[in-house]
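To keep things clear, I will list the structure first and then write my remarks on it.
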Amino acid sequence: MPYMLLIVEPGEERRSRPAEEGRRAMERMSRFTESLKARGLCKASDSLRPDTEGVRLSVRDGKRIVSDGPFTEAKEIIGGFFLLDCRTKEEALAIAKECPAVEWATVEVREIGPCHGD
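Right, here's the structure in full:
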């Protein structure tokens with residue numbers, strides 16, 4: 040079953056993280072990613088650029104609304120993701136517990152499925 044791990048970080052914390060601390064975190068995450076790939080569990084993974092470079096789009100009453108980041112109203116940002124191939128939710132949770140990001144972020148575990156609940 041496919042599961043998505045979303046790395047949900049406090050936005051201000053990520054923006055203010057010292058460069059050396061960020062490099063160490065990325066090295067740990069890279070090693071984690073490689074171990075998942077070696078075990079045949081990782082279908083895709085990547086980090087996301089900072090929210091300062093993001094854009095939000097919505098359409099209301101036919102009018103396009105575009106907002107450039109950073110999104111100050113958002114307390115948390117999605118810093119990255121892992122798309123996993125797991126047998127069970129428990130296996131996905133065990134993998135999430137191994138993720139180094141659990142020390143500075145929340146790792147949200149979501150099963151991939153249709154949005155309408157079927």
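Following our numbering, the numbering of the sequence shown begins with 40 at its first residue and continues without gaps. Don't be surprised by glycine CBs; every beta carbon is placed ideally from N, CA and C.
Proximity winner among the options, relative to residue i (alpha-carbon distances)
i	options	result
Glu81	Asp100, Pro153, Glu112, Cys125	Checking the sequence shown, residue 81 turns out to be Cys, not Glu. Out of Asp100, Pro153, Glu112, Cys125, Cys125 has the C-alpha closest to the C-alpha of Cys81.
Phe110	Leu44, Glu59, Pro89	Pro89
Leu122	Glu66, Glu73, Ile151, Cys138	Ile151
Glu142	Ile104, Lys102, Arg53, Pro153	Arg53
Arg62	Ser106, Ser86, Ile134	Ser86
Glu129	Ser106, Arg149, Leu75, Ile104	Arg149
Same chain, Cβ closer than 8 Å to residue i, five either side skipped, listed in chain order
i	result
Glu92	Gly108
Ala113	Gly50, Asp90
Buried/exposed call for residue i, threshold 16 Cβ in 10 Å
i	result
Val146	buried
Met65	exposed
Ala133	exposed
Ala83	exposed
Met40	exposed
Gly119	buried
Neighbourhood of residue i by C-beta distance below 7 Å, restricted to the same chain and skipping five residues each side
i	result
Lys136	none
According to DSSP, residues forming a beta bridge with residue i
i	result
Ser84	Phe121
Thr145	Val47
Arg27	Past the edges of the chain, shown from 40 to 157, lies residue 27, and the structure says nothing about it.
Ile116	Glu48
Glu150	Tyr42
Residues near residue i by beta carbon distance below 6 Å, same chain, minus five either side
i	result
Val98	none
Presumed contact (8 Å Cβ cut-off) between residue i and residue j, rounded CB distance
i	j	result
Glu48	Ala144	4 Å
Leu45	Ile117	6 Å
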